[in-house]
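Each step along the sequence shown adds one to the number in UniProt numbering, with nothing skipped, and position 154 is 154. Below: the structure, in structure tokens.
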Amino acid sequence: MRKQPEVTEQTKANLRTAFWNLYKEKPIEKITIKEITDAAGYNRGTFYLYYKDVYDLFTRIEEELLEAIRQLIHDTLPQKEGLDFAGHMGLIVELTQRYSAYMSVLLSDRGDPSFGTRLKEMIWPLLNRYLISTKDLTEKEQSLLSEFYLSGLLAAITKWLNDPGDMTIDQFIGFVMEQVFAGMFMV
1 MRKQPEVTEQ TKANLRTAFW NLYKEKPIEK ITIKEITDAA GYNRGTFYLY
51 YKDVYDLFTR IEEELLEAIR QLIHDTLPQK EGLDFAGHMG LIVELTQRYS
101 AYMSVLLSDR GDPSFGTRLK EMIWPLLNRY LISTKDLTEK EQSLLSEFYL
151 SGLLAAITKW LNDPGDMTID QFIGFVMEQV FAGMFMV
């Protein structure tokens, strides 16, 4: 009985991994429960103990990922006044790298567009607190600036995750700061 929670978590992890390996290769609507359970080494009944269908499994993966990111942002959101643009960008890049197996797919053209939107909504407080709220902008202007910054940043991060080459996180952040934001902000 003591091992049951551990076994349950391992079974769910195996099903998620099997699903994700399939999802990286083909659209969700073409993935069957049989494919998932065969890849994970379980029967269909085991799948239904934890998930209603393939979409339920996908939604739970997204929700777990977003909750982990939300918690990390909450725990590390700076309490001091002032802008540390490189530090804030570093937090976002580290988040995406930590969950790169999922993020590189979810933020790509094959991913779920609503995931990117929800991720931007979570990152927004960092941007608003230190960059946008310090300017005299209308709500519409704030929204446009936010979309510009967050979309560009997430697109660059996605490209880097899919092909990092020899560029470390620090090099990536330094490159973006130097090329895009040089002279715009005090870092």
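By construction, the Cβ of each residue, glycine as well, lies at the ideal position given by its N, Cα and C atoms.
Annotation for E25: no alpha helix (DSSP H) segment contains it, and DSSP assigns it neither H nor E. About 4 angstroms separates the Cβ atoms of L107 and T158, confirming a contact at the 8 angstroms cut-off. Exposed is the label assigned to R44, since fewer than 16 other Cβ atoms lie within 10 Å of its Cβ. Excluding residues up to 5 positions away in sequence, L65, A68, I69 lie with their Cβ nearer than 8 angstroms to the Cβ of Y99 in the same chain. Cβ contact annotation for Y50 (same chain, cutoff 6 angstroms, sequence separation greater than five): K12, in chain order.
Taking the Cα positions, F175 is about 22 angstroms away from K120. Taken through DSSP and simplified to helix, strand or coil, D38 comes out as helix.
A156 and Q4 have their alpha carbons spaced roughly 42 angstroms apart. The same chain holds no residue with a CB closer than 6 angstroms to that of L137 once the five nearest residues on each side in sequence are set aside.
Between I31 and Y42, the C-beta spacing is not below 8 angstroms.
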